[in-house]
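Participant: Residue numbering for the sequence shown follows my numbering, beginning at 11 and increasing consecutively.
Built from N, CA and C at the ideal position, the CB exists for glycine as well.
Computed from a prediction, not measured in an experiment: that's the story for all the values here.
Please see the structure below; I have some questions.
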Amino acid sequence: MYLSKLEIVGFKSFPRRTTLHFGKGISAIVGPNGCGKSNIFDAIRWVIGEQRLSVLRSDRMSDVIFKGTASRKPLSYAEVTIHLSEARGVVPIAGGDELVLTRRFFRSGEGEYLINGVPARLKDVNNLLLDSGIGRRSYSFIELNMIRRMISGDKNDRRSIFEEAAGVSKYRSDIHEAQIKLADTEGKIERIRDIMLEVEERARILKKQVRRAKRFRKLKQKIANLEMKVLAIEYREHSSHMKKLEGSLSSFVDRINSLDSRISSIEAEISSVSSDRIRLEKQVVEQGESIRRTEKAIREIESEIVRTEERQKNTEETIKRLEGEVASLREKRKNTSSELAKAKRQKATLEKKIQELTDRTASAREHLGELDTSLADGKKKLAATEKKLWQLTSKIDSVKEAILSTKQEQKLVSERLAASESQLEDIRIKIGKCTDDTEKTKAKIDELTVTIQTLSDELEKRKQRKGELSSVIEEVRGEKSRVTLEAKEIETRLNLITQSIENYEGYGEGVKKILEKRNSLPGVHDTVAAMLDVDPDVVGGVERVLGERLQYIVVDSRENAIEIRKRLTDELDFGFIILDELPKQSSPLDPVVSRMVSCPDFPNLVQYLFADVELVALLDNCSSDKHLAVTYTGDGISSPGLLYFGKPKASESGLIERRLIRAGLEKERDKILLSLERLEKRESSLLADSAEEEKGISELTSDIEQTVSEVARFEKQLTSLVFRSRELEEKRKSLLEQKAEAEASIEKLLSREGHLARELEELDAKFNELDAEFKDKSRLQRKMEEERRRAASILASGENELVQLHSDVVSLGRELERMNLFLADYRSNLEQLEKSKKESRALLSRQGRTLVRLRKKLDTLFDRRDSEEANLDTLRERLSSVASKISQLEGKLSPLRREKEQNLTGKSEIEALLGEEKKKLEAILLKARREYKTDADSLLLMEIAEKDKREIETGIARYRRQAEEIGGVNFEAEAEYEQVSQRLSFYREQYNDLVEAERKLTGTIKSLDNEARRLLLETFLKTRENFAITFGELFIGGEADLILTDESDVLESDIKIVIKPKGKRPLPLSQFSAGEQTLATLALLFGIYLVKPSPFCLLDEVDAPLDEANIVRFTAMIKKFSANTQFVVVTHQRKTMEMSEYLYGVSMEEEGISKVITLRMEDLKLGL
11 MYLSKLEIVG
21 FKSFPRRTTL
31 HFGKGISAIV
41 GPNGCGKSNI
51 FDAIRWVIGE
61 QRLSVLRSDR
71 MSDVIFKGTA
81 SRKPLSYAEV
91 TIHLSEARGV
101 VPIAGGDELV
111 LTRRFFRSGE
121 GEYLINGVPA
131 RLKDVNNLLL
141 DSGIGRRSYS
151 FIELNMIRRM
161 ISGDKNDRRS
171 IFEEAAGVSK
181 YRSDIHEAQI
191 KLADTEGKIE
201 RIRDIMLEVE
211 ERARILKKQV
221 RRAKRFRKLK
231 QKIANLEMKV
241 LAIEYREHSS
251 HMKKLEGSLS
261 SFVDRINSLD
271 SRISSIEAEI
281 SSVSSDRIRL
291 EKQVVEQGES
301 IRRTEKAIRE
311 IESEIVRTEE
321 RQKNTEETIK
331 RLEGEVASLR
341 EKRKNTSSEL
351 AKAKRQKATL
361 EKKIQELTDR
371 TASAREHLGE
381 LDTSLADGKK
391 KLAATEKKLW
401 QLTSKIDSVK
411 EAILSTKQEQ
421 KLVSERLAAS
431 ESQLEDIRIK
441 IGKCTDDTEK
451 TKAKIDELTV
461 TIQTLSDELE
471 KRKQRKGELS
481 SVIEEVRGEK
491 SRVTLEAKEI
501 ETRLNLITQS
511 IENYEGYGEG
521 VKKILEKRNS
531 LPGVHDTVAA
541 MLDVDPDVVG
551 GVERVLGERL
561 QYIVVDSREN
571 AIEIRKRLTD
581 ELDFGFIILD
591 ELPKQSSPLD
601 PVVSRMVSCP
611 DFPNLVQYLF
621 ADVELVALLD
631 NCSSDKHLAV
641 TYTGDGISSP
651 GLLYFGKPKA
661 SESGLIERRL
671 IRAGLEKERD
681 KILLSLERLE
691 KRESSLLADS
701 AEEEKGISEL
711 TSDIEQTVSE
721 VARFEKQLTS
731 LVFRSRELEE
741 KRKSLLEQKA
751 EAEASIEKLL
761 SREGHLAREL
771 EELDAKFNEL
781 DAEFKDKSRL
791 QRKMEEERRR
801 AASILASGEN
811 ELVQLHSDVV
821 SLGRELERMN
831 LFLADYRSNL
841 EQLEKSKKES
851 RALLSRQGRT
861 LVRLRKKLDT
871 LFDRRDSEEA
881 NLDTLRERLS
891 SVASKISQLE
901 GKLSPLRREK
911 EQNLTGKSEI
921 EALLGEEKKK
931 LEAILLKARR
941 EYKTDADSLL
951 LMEIAEKDKR
961 EIETGIARYR
971 RQAEEIGGVN
981 FEAEAEYEQV
991 SQRLSFYREQ
1001 YNDLVEAERK
1011 LTGTIKSLDN
1021 EARRLLLETF
1031 LKTRENFAIT
1041 FGELFIGGEA
1051 DLILTDESDV
1061 LESDIKIVIK
1071 PKGKRPLPLS
1081 QFSAGEQTLA
1091 TLALLFGIYL
1101 VKPSPFCLLD
1111 EVDAPLDEAN
1121 IVRFTAMIKK
1131 FSANTQFVVV
1141 THQRKTMEMS
1151 EYLYGVSMEE
1161 EGISKVITLR
1171 MEDLKLGL
């Protein structure tokens, strides 16, 4: 079987469908780094079922799908198909001779496998390739990381190669599946055993419950018959009581109606008188307002008179002496201010009195409210005390009945106490055995818990190291990408510069013709630009000095130049510099020119070109003995009679500069490539370390899971023991509690009997106390009602006085306003003194007439005010009389309202009692209908003597005690017992079948394990012999050996590789150089191929560490084995390419997209 064809589409850097046809011999895949060579190997690994992301060099599975570039969109899926020809006999396939495997993966996370076009599972692919030598973990894929793992990795890495060659992988897979089945079977056995224990216990309990349910039904029937008789008696009693209550309710309703009529009459009279009081209060307010208006008018006229008199006086004094009048006005203002302050103090005093009276009135009103509340509370307490008396009477009757019941209970408890003691001894023995088993299991769990903690700590450390390595790898990859991109950019620039130089860009067409044919033209050396070596600092100046002469062709003689001109028939421009005609000696060169410009082959060329040229940093520094001075950068030119500044034209520069740029880019490229090589080596080392940590994490995780599983098993066992122990302990406690309860019950019952007797005496005494308390509360209630009447009278008096004080405050406010007006007038007069001085004489006569008129009007207002004050006194007397009458009527109304409240309370109590009786009757009827299917008429017609009730209740109590002694009853127990019995039979059959399956699986595992050990040991011994041979061929005169570290356990033993190259002592493989390690590992792999060759072998740059001599031996060995095995090699080594039969060139013409070109080496050798 061999790999004949590989089809890739959408996988990593292959967006287009790419097909590679492979021959049976040796194929080589070549190309620059980063172009996608290893992606071909990844595709082959992936299609045969590789799932490890680290091997696929990805962070997640969707990374294998083409991600897109600047010019291409990402794809939604990846697909790889591999064709294996001549597969019959190597893998189990039906029909045909070719095996075709296909794998697809979509970005949504879905994937599928196809085997010869038929959908399949990953497990089917693994089983198909098992023992074929090309599995995803086989030795058919060899890379440097694999070689490193074999040298310094885990022992499982080395042993897995031998197991693959021996075909042990299949046995390991079968053993693993059998162990899973065995563990599953053992778990099922354990679960069924637990279930059987539970079901057996359940069956035993149900059997007891069936017997208990039958006895319980009989007792319930007897209780039902007796309870129906009790219901009939109670129904008759409650019906009679309801009739009495209805009569009492009717009398309360009549009294309440009579009181409502009297109260309504008094309230109507109060309403009428209140309307009179409101009318009088309104008249008082209106009369007071009229008096205030009159007083205001009087004050205004008095003020006017005073002002007029003052004006007369002021006018006279103003004429005589203005200053005296001003002083007089100020004195008046002062007096008025004093009066104003005095009036304000009087008003404040009145307001304070109002506040005090308001507080007293509010206090009286609050006291009245408290008295009303106290009266209501007193009524409630009185009713409560009466109710307590009634309840106490009922309680005395109950205590007498309880004393009789207690004596009967004492006898029953003594019987239960004797039964509990016999059961306690059996339970104590069972608890002791459970306790011993529990302690042993706990010790085992603690030991395993410590192991889990140790493993978890180690796992956490490894995960931390793995995370640190991943971070470093990402940093290295980022640096590698950056350096790779930088290298590509430099390569591109270098190619452009090189192409420009090789295409003679910048030269004239005639010069290009000569340069293209210079090998056939006589005496041609090169252009001036190509022959001069110029320091980068003065390139601009040199190009500016030489100008067009940079393109001149340097030839040996004039004859050569003429001959060249003859041969070029085109009319083209070009120039020559003839070496034979150059002067041999000339004046000394400028020091800067001598140091920075040279032509090793023809020094006199520099002398000729720069004889009169001076290169200077600045034109200020040029000397006078040179014909031409140019700055280093060429932006300034100086000569006798000339000074020029400016950059050279593009056509005049660049021919020398680009040669220097190319040299610089080549150095930079070499430096970057060296840095990239170091980064790749570091990445490979870090990936190996990361894989090592990943493997350690996987092993630790497996150990932890196994230990946790073992802990879970013991915990389950412990739970079962604890559950059983708790059941026994609870049962023991229950029995102890029952015993203690029984003993305590006897003591309690004896104590209770004495307590009940004492309680009966206490209840009698309490009854007498309550009766006295009831009488005291009645007297207190009457006293509080009298106090309320007095408080109401005080409140009315305070409110009247408060109205009077408010009126006085309003009068004072008016007086204050008048005084403020005076003050305002004084200020106005002072401002108008100058004006009044001129008009005073004319005003004096008018003011005299005005005074006479005002005094007459003032006398009239005084008379009117006296009349209005007399009317106000009359109205206040009438208002006081009305208020007194209202108080008398309210005094009559209060007793009637209290009497009505008492009757309403009595009515409410009767209605509440009636409601309770109705509820009781309804409850009796509801219970009769639901439980006994009877109605009220049947209860009334039932013949029962009243004296039979106590006997009936005693019988009910006796039957109920018997039913309670039975305990909880499961009425579904009979049907459930039948189901549980059937389940128990089924589980017993299942248990026997599982035990037999466990025995067979154990035998199968043992047989497979023995066969795997035998095959592995045989393969190891054969490989050991072959390894010595292949090592001797690769290391002439060298010796090698393989050593099992534990021969007693071949499947778990490590395999040590010891080699002895010629002239060296034998040492472990890890202590040799990288090239020796690689060659020795390849010798081992070839030794395995001699035992069991793989259909094909993929080698990924394994020849990188080898020197030329070792590559020769390596390629010779591959040729030798290629007769039986197909080889596909990724390489950069020329000799490896030469020995291949097919060559696949991988390139990346477009960023991120790989392209493959296939060549046959025979075609290359024939020159086709």
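Taking DSSP as the reference, what is the three-state secondary structure of E17?
Facilitator: Looking at E17 - three-state DSSP - the assignment turns out to be strand.
Participant: Return the CA-CA distance between K22 and K47, expressed in angstroms with no decimal places.
Facilitator: Their Cα atoms are separated by approximately 11 Å.
Participant: Could you tell me which uninterrupted alpha helix (DSSP H) segments, each at least 4 residues in length, are contained entirely in the region 1128-1158, listed from first to last along the chain?
Facilitator: For the region 1128-1158, whole alpha helix (DSSP H) runs of length 4 or above, ordered along the chain, are 1144-1149.
Participant: With DSSP collapsed to three states, give me the class of L1176.
Facilitator: At L1176, the pLDDT of 44 sits below 50, so the modelled position is not reliable and the matter cannot be decided from this model.
Participant: Please return the same chain residues whose Cβ sits closer than 8 Å to the Cβ of R203, not counting the five positions on each side in sequence.
Facilitator: Excluding residues within five positions, the ones whose Cβ falls inside 8 Å are Y1001.
Participant: What residue range is occupied by the uninterrupted beta strand (DSSP E) comprising E122?
Facilitator: Note, E122: beta strand (DSSP E), G121 to I125.
Participant: For Q1087, count neighbouring C-beta atoms within 10 Å of its own C-beta (all shown protein chains included) and say buried if the count is 16 or more, exposed if not.
Facilitator: Buried.
Participant: With DSSP as the reference, label F612 as helix, strand or coil.
Facilitator: Here F612 sits in coil by DSSP.
Participant: Please look up how many angstroms separate the CB atoms of I1015 and Q189, rounded, as I've assumed it's under 8 Å.
Facilitator: So it is a contact: roughly 6 Å between Cβ atoms.
Participant: Going straight from the alpha carbon of T1091 to that of L1018, what length do you get?
Facilitator: C-alpha separation (whole angstroms): 30 Å.
Participant: State the CB to CB distance for the pair F172 and I1065, rounded to an integer number of angstroms; the pair is presumed to be in contact (CB under 8 Å).
Facilitator: Right, their Cβ atoms sit about 7 Å apart.
Participant: Need the endpoints of the beta strand (DSSP E) that L1169 sits in, please.
Facilitator: Taken as a continuous stretch (DSSP letters only), the beta strand (DSSP E) holding L1169 covers I1163 to R1170.
Participant: I want to check one thing, is the minimum distance from the CB of D590 to the heavy atoms of the ligand SAH below 7 Å?
Facilitator: This structure simply doesn't include the ligand SAH, nor any ligand for that matter.
Participant: Among residues of its own chain, excluding the 5 on either side of L592, which ones have a beta-carbon nearer than 6 Å to its beta-carbon?
Facilitator: Here the set comprises N614 and Y618.
Participant: Helix, strand or coil for D382? Go by DSSP, reduced to three states.
Facilitator: In the structure shown, D382 sits in a helix (DSSP, three-state: H, G or I).
Participant: To the nearest angstrom, report how far apart K1010 and R688 are at their CA atoms.
Facilitator: For K1010 and R688, the distance between alpha carbons rounds to 58 Å.
Participant: Alpha carbon to alpha carbon, what distance is there between D699 and K5?
Facilitator: Because the chain spans 11 through 1178 in this model, residue 5 falls outside it and cannot be assessed.
Participant: Could you tell me if Q716 is buried or exposed, where buried requires 16 or more neighbouring beta carbons within 10 angstroms of its beta carbon?
Facilitator: Q716 is exposed by the Cβ-count criterion.
Participant: Go to A983, then tell me how far its beta strand (DSSP E) extends in each direction, as first and last residue.
Facilitator: Note, A983: premise wrong, no beta strand (DSSP E); alpha helix (DSSP H) at A983 to L1044.
Participant: Under the assumption that P1071 contacts G1048 (Cβ atoms under 8 Å), give the Cβ distance between them as a whole number of angstroms.
Facilitator: So it is a contact: roughly 4 Å between Cβ atoms.
Participant: Quick check on S661: buried or exposed, where buried means 16 or more other Cβ atoms within 10 Å of its Cβ?
Facilitator: For S661, the pLDDT reaches just 45, beneath the cut-off of 50, and the residue's location in the model is therefore unreliable, leaving the point undetermined.
Participant: Taking DSSP as the reference, what is the three-state secondary structure of E89?
Facilitator: Reduced to three states, the DSSP call for E89 is strand.
Participant: Let me know the secondary structure DSSP gives A660 once reduced to three states.
Facilitator: Unreliable placement is indicated for A660, whose pLDDT of 48 sits below 50; the coordinate value is still reported in the next sentence. Looking at A660 - three-state DSSP - the assignment turns out to be helix.
Participant: Whose CA, out of S81, L495 and I92, lies closest to the CA of S14?
Facilitator: If we check each option's Cα against that of S14, I92 comes out closest.
Participant: Closest to K344 by C-alpha separation, out of T461, L833 and A358, would be which residue?
Facilitator: Out of T461, L833 and A358, L833 has the C-alpha closest to the C-alpha of K344.
Participant: Using only alpha-carbon positions, find the residue among N778, E763, L935 and S183 that is nearest to L402.
Facilitator: If we check each option's Cα against that of L402, N778 comes out closest.
Participant: Whether or not the region 281-300 and the region 919-936 are in contact is what I'm after, with contact meaning three or more pairs of Cβ atoms, one per stretch, closer than 8 Å; do they touch?
Facilitator: Because the criterion of three Cβ pairs below 8 Å is not met, the region 919-936 and the region 281-300 do not touch.
Participant: Do Y1099 and T1135 count as a contact pair if the criterion is CB distance below 8 Å?
Facilitator: Yes, Cβ-Cβ distance for T1135 and Y1099 is below 8 Å.
Participant: From the DSSP output, read off the bridge partner residues of T641.
Facilitator: DSSP output for T641 lists V626 as bridge partner(s).
Participant: Quickly, what does DSSP pair C1107 with across the bridge? List them, please.
Facilitator: Beta-bridge pairing links C1107 to F1137.
Participant: Hey, out of A53, G20, L495 and F51, whose CA is closest to P84's CA?
Facilitator: It is G20.
Participant: If I measure Cβ to Cβ from H535 and keep anything under 6 Å in the same chain, skipping five residues before and after, which residues do I get?
Facilitator: Only V564 meet the Cβ criterion.
Participant: Closer than 8 Å is the cut-off here; do at least three beta carbon pairs connect the region 381-394 with the region 737-744?
Facilitator: No: fewer than three Cβ pairs fall under 8 Å.
Participant: Whose CA, out of G651, E704 and T643, lies closest to the CA of S480?
Facilitator: Nearest option by C-alpha distance: E704.
Participant: Could you tell me the alpha carbon to alpha carbon distance between L1178 and V607, rounded to whole angstroms?
Facilitator: Confidence at L1178 is low in this model, with a pLDDT of 36, below 50, so the placement of that residue should be treated as unreliable; the coordinate-derived value is given next. Approximately 48 Å between the Cα atoms of the pair.
Participant: Are the beta-carbon atoms of L831 and Q293 separated by less than 8 Å?
Facilitator: Not closer than 8 Å, so no.
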